[in-house]
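A short worksheet on the structure shown next.
Residue numbers (my numbering): 28 to 247.
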């Protein structure tokens, strides 16, 4: 691991030690965030699977009703019956925060509160199979909206998990080891400088003793 390009001074070592402590705290917080994101992500994935299975089964059932309706009604009659809708459904979007991730919250809003408006036709010339098909789609709509919500939430949380994982790995395998290696390098340089200073002082002392008293500690 390459050390940082810094001056090997005690002040710089103190500064790096503080930065190392901050990096370690940030690493722990990011790991905790990643773990909590993973826990909630797994719960969302399980909910998404449950909803998808439910929606797919309901769609199969609804398609069966439409097939039955098509068997007893002509194609023209079936198409004209479904051509003009009395009721429209919109989706309101809100957001909630999950571990710093803004995930959407979808809710369906009907243009008409009347339950009977879901049928865009009169009952005189249509079959009950068509009624069942339309009703099954109406009952399925909340689950479809919820499925869209959970799938988008899973997508956003997966992206945040990946970003958090990269930050954790960067701190764990790059930044923290680099701080540690740089601090170790500065400590070795300071020790080397201290040894050199002591050696120079001892030489100066010997020279002064020899010059002043014609005495050398080496001959003591």
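All residues carry an ideal CB built from backbone N, CA and C; glycine is no exception.
Within the continuous alpha helix (DSSP H) that includes residue i, where are the two ends?
i          : result
residue 72 : 37–99
Which residues does DSSP list as the beta-bridge partners of residue i?
i           : result
residue 130 : 123
Take the Cβ of residue i as the centre, count every other Cβ of all protein chains shown within 10 Å, and call the residue buried at 16 or more, exposed below.
i           : result
residue 200 : exposed
residue 173 : buried
residue 36  : exposed
residue 98  : exposed
residue 222 : exposed
residue 134 : exposed
residue 186 : exposed
residue 122 : exposed
residue 61  : buried
residue 56  : exposed
residue 184 : buried
residue 118 : exposed
residue 161 : buried
residue 130 : buried
residue 120 : exposed
residue 128 : buried
Just the Cα atoms here: how many angstroms apart are residue i and residue j?
i           : j           : result
residue 285 : residue 54  : Past the edges of the chain, shown from 28 to 247, lies residue 285, and the structure says nothing about it.
residue 228 : residue 195 : 48 Å
residue 47  : residue 182 : 33 Å
residue 234 : residue 43  : 40 Å
residue 93  : residue 78  : 22 Å
residue 191 : residue 80  : 30 Å
residue 155 : residue 175 : 30 Å
residue 29  : residue 215 : 15 Å
residue 106 : residue 153 : 11 Å
residue 203 : residue 180 : 32 Å
residue 71  : residue 64  : 10 Å
residue 38  : residue 209 : 13 Å
residue 219 : residue 188 : 45 Å
Exercise. Which runs of the alpha helix (DSSP H) spanning at least 4 residues fall entirely within the stretch 101–125, listed in chain order?
Worked result: 102–108
For this session: Could you pull out every unbroken alpha helix (DSSP H) segment of at least 4 residues lying fully inside the stretch 132–212, listed in chain order?
Result: 155–197
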